[in-house]
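Asks: Below is a structure I'd like to ask you about.
There are 2 protein chains.
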Amino acid sequence: MRLTDYTDYTMRVLMYCAAHPDRLVTVNELAQEHGISRHHLTKIVTDLGRQGLLQTVRGRGGGMRLSVDPARIRVADVVRTTETDFRLVECFDARSNRCPLTPTCRLKGLLESAMDAYFEVLEGRTLADLVAPDAAKRGAARAPDAAAPIPVRSARTTRPTPLQPRARRSQAERADA
Amino acid sequence: MRLTDYTDYTMRVLMYCAAHPDRLVTVNELAQEHGISRHHLTKIVTDLGRQGLLQTVRGRGGGMRLSVDPARIRVADVVRTTETDFRLVECFDARSNRCPLTPTCRLKGLLESAMDAYFEVLEGRTLADLVAPDAAKRGAARAPDAAAPIPVRSARTTRPTPLQPRARRSQAERADA
Numbered sequence: 001m002r003l004t005d006y007t008d009y010t011m012r013v014l015m016y017c018a019a020h021p022d023r024l025v026t027v028n029e030l031a032q033e034h035g036i037s038r039h040h041l042t043k044i045v046t047d048l049g050r051q052g053l054l055q056t057v058r059g060r061g062g063g064m065r066l067s068v069d070p071a072r073i074r075v076a077d078v079v080r081t082t083e084t085d086f087r088l089v090e091c092f093d094a095r096s097n098r099c100p101l102t103p104t105c106r107l108k109g110l111l112e113s114a115m116d117a118y119f120e121v122l123e124g125r126t127l128a129d130l131v132a133p134d135a136a137k138r139g140a141a142r143a144p145d146a147a148a149p150i151p152v153r154s155a156r157t158t159r160p161t162p163l164q165p166r167a168r169r170s171q172a173e174r175a176d177a
Numbered sequence: 178m179r180l181t182d183y184t185d186y187t188m189r190v191l192m193y194c195a196a197h198p199d200r201l202v203t204v205n206e207l208a209q210e211h212g213i214s215r216h217h218l219t220k221i222v223t224d225l226g227r228q229g230l231l232q233t234v235r236g237r238g239g240g241m242r243l244s245v246d247p248a249r250i251r252v253a254d255v256v257r258t259t260e261t262d263f264r265l266v267e268c269f270d271a272r273s274n275r276c277p278l279t280p281t282c283r284l285k286g287l288l289e290s291a292m293d294a295y296f297e298v299l300e301g302r303t304l305a306d307l308v309a310p311d312a313a314k315r316g317a318a319r320a321p322d323a324a325a326p327i328p329v330r331s332a333r334t335t336r337p338t339p340l341q342p343r344a345r346r347s348q349a350e351r352a353d354a
């Protein structure tokens, strides 16, 4: 039981930007600091841009910043968006399920309750709660005042695993050149 | 985020035996009913035997049965034994972790709390809670009277994923011939 690398890296991009609210962050910098390929990061940055969580600036001196106050980005929303495979056991997938125990089995309901409890813990926390207090307090550059958490829209370009390089250079990648 | 096939199949073997407490269950029967290879099942049955949860009977007419009352087998213990990879994000593995956010990051603690909440739901349930009331009520053949849940000992022969066929025929496999 583990989260995908896509979720791990997405959280790191968001947290790194939240921890550096006073300047633009580059894909090269993220790649170097975290030891993650630029291709993977570019895909994630593009997805986060489409979700409205990141703003990218092109050209020399360009990069990315959070476009939303970190106190409005709920961890549960991010994880729900990045994790797509919650098939805990076979019967979660009605199409392929052939388990003969299904009619009388209560395992599925139990695992669903456990998963609900898992997300209930994440519901109460935002990106601002995850980074150092000083950095979080300053908030995202150009972000509106903190208000109700914003829903994270699913805008992933493809399925998250395995991470695939994009054929064309994205806006974020150009900004980083 | 999903459980391994090893966990899925282990739960099915236990639940199937719990649902058929009045007779011996064979590996062939499990393989046919669930569409799982005999090799995988044999490995799981061997592991469950070593953990003291299954009893196997050799020879013609042989098979397996629960050796413990299903009301004493806690779901949380089984899942903790069968799932070995709880590396939710990179920093869960101290050896390979190189995330520069670690000193100020609170994501690891949050995910650990969420995982605790997940298992708290499973803690309260036993194998008897998962199968049909009638079958569970009858209990396992030759099982002692229900008492405090027994701890499930880890006795896996190898890592669970991918499931590997065993080189030698196990007691359970011979019993099934």
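Chains as they are written, first to last, in my numbering: chain A, 1 to 177; chain B, 178 to 354.
Backbone N, C-alpha and C define an ideal beta-carbon position, used for all residues, glycine too.
Quantities reported herein were computed from a predicted structural model and do not represent experimental measurements.
1) Determine whether the beta carbon atoms of Val-25 (chain A) and Met-1 (chain A) lie at a separation below 8 Å.
2) Short check: CB of Val-78 (chain A) to CB of Met-11 (chain A), under 8 Å?
3) So what's Met-1 (chain A) in DSSP terms, helix, strand or just coil?
4) Quick check: the Cα distance between Val-204 (chain B) and Thr-279 (chain B), rounded to an integer number of angstroms?
5) For a cutoff of 8 Å on Cβ pairs, would you count Ala-271 (chain B) as touching chain A?
6) Pick helix, strand or coil for Pro-57 (chain A), following the three-state DSSP scheme.
7) Give the interface partners of His-34 (chain A) over in chain B, defined as CB-CB distance under 9 Å, in chain order.
8) Check whether the Cβ of Arg-283 (chain B) lies closer than 8 Å to any Cβ atom in chain A.
9) Taking only beta-carbon atoms, is Val-121 (chain A) less than 8 Å away from chain B?
10) Could you name the residues of chain E that Met-1 (chain A) contacts, counting a contact when the two beta carbons are closer than 9 Å?
11) In three-state DSSP terms, what is Ala-318 (chain B)?
12) Can you tell me whether Arg-275 (chain B) is helix, strand or coil according to DSSP?
13) Leu-110 (chain A) CB to nearest chain B CB: under 8 Å?
14) Could you have a look at Met-11 (chain A) and say whether DSSP puts it in helix, strand or coil?
15) Against Arg-12 (chain A), what residues of chain B qualify as contacts under a CB-to-CB distance less than 7 Å, listed in chain order?
16) Applying a beta-carbon distance threshold of less than 7 Å, which residues of chain A neighbour Val-252 (chain B)?
17) Between Val-222 (chain B) and Val-190 (chain B), which are expected to be in contact by the criterion C-beta below 8 Å, what is the C-beta distance as a whole number of angstroms?
18) Could you check if Asp-224 (chain B) is buried or exposed, using at least 16 other CB atoms within 10 Å of its CB as the buried criterion?
19) Using a C-beta to C-beta distance shorter than 8 Å, which residues of chain B count as neighbours of Leu-130 (chain A)?
20) How long is the line joining the alpha carbons of Gln-232 (chain B) and Val-131 (chain A), rounded to whole angstroms?
21) Quick check on Arg-237 (chain B): buried or exposed, where buried means 16 or more other Cβ atoms within 10 Å of its Cβ?
22) Alpha carbon to alpha carbon, how far is Lys-137 (chain A) from Gly-109 (chain A)?
23) Taking the beta carbon of Arg-23 (chain A) as the centre, do at least 16 other beta carbons fall within 10 Å, making it buried, or is it exposed?
24) Hey, does Met-15 (chain A) have any beta-carbon neighbour from chain B nearer than 8 Å?
25) Pull up the distance between the alpha-carbon of Cys-282 (chain B) and that of Asp-270 (chain B), whole angstroms please.
26) Which stretch, first to last residue, makes up the beta strand (DSSP E) that contains Leu-304 (chain B)?
27) Under 9 Å between beta-carbons, which chain A residues line up against Ala-248 (chain B)? List them in chain order, please.
28) For the ligand ZN, is there a heavy atom less than 7 Å away from the beta-carbon of Asp-116 (chain A)?
29) For the candidate residues B:Asp-262, B:Leu-218, B:Ala-248, B:Thr-184, whose alpha-carbon lies nearest to that of Ala-196 (chain B)?
30) Can you give me the start and stop residues for the beta strand (DSSP E) that Gly-226 (chain B) sits inside?
31) Who are the neighbours of Arg-125 (chain A) on chain B, taking C-beta pairs under 7 Å?
32) Suppose you measure from the CA of Asp-176 (chain A) to the CA of Arg-50 (chain A); what does that come to, to the nearest Å?
33) Could you pull the start and end residues of the alpha helix (DSSP H) that Leu-110 (chain A) belongs to?
34) Alpha carbon to alpha carbon, what distance is there between Leu-180 (chain B) and Ile-36 (chain A)?
35) Let me make sure I understand the geometry here. Which of B:Ser-290, B:Tyr-183, B:Arg-251 has the alpha-carbon closest to that of Thr-219 (chain B)?
Replies: By the coordinates alone:
1) no
2) yes
3) coil
4) 47 Å
5) no
6) The question names Pro, but residue 57 (chain A) is Val in the sequence shown. In the structure shown, Val-57 (chain A) sits in a strand (DSSP, three-state: E or B).
7) Glu-267, Arg-275, Cys-276, Pro-277, Leu-278
8) yes
9) yes
10) Absence of chain E from the displayed structure is noted, the protein chains being A and B.
11) With a pLDDT of 42 at Ala-318 (chain B), under the threshold of 50, the modelled position of that residue is not reliable, and no figure is offered here.
12) coil
13) yes
14) helix
15) Cys-276, Leu-278
16) Leu-110
17) 6 Å
18) buried
19) Cys-282, Arg-283, Leu-284, Leu-287
20) 51 Å
21) exposed
22) Confidence at Lys-137 (chain A) is low in this model, with a pLDDT of 48, below 50, so the placement of that residue should be treated as unreliable; the coordinate-derived value is given next. Their backbone Cα atoms lie some 40 Å apart in a straight line.
23) exposed
24) yes
25) 15 Å
26) No beta strand (DSSP E) contains Leu-304 (chain B), which is instead part of the alpha helix (DSSP H) from 304-307.
27) None at all; the shortest Cβ gap to chain A is about 14 Å.
28) What this structure holds is no ligand at all, so the ligand ZN is not there to describe.
29) B:Ala-248
30) Looking at the DSSP string, Gly-226 (chain B) is not in any beta strand (DSSP E); the run it does join, the alpha helix (DSSP H), is 215-227.
31) Leu-287
32) Low confidence applies to Asp-176 (chain A): its pLDDT is 49, below 50, so where it sits in the model is not reliable, and the reading given next is rough at best. Spanning the two alpha carbons is a distance of roughly 17 Å.
33) 107-123
34) 26 Å
35) B:Tyr-183
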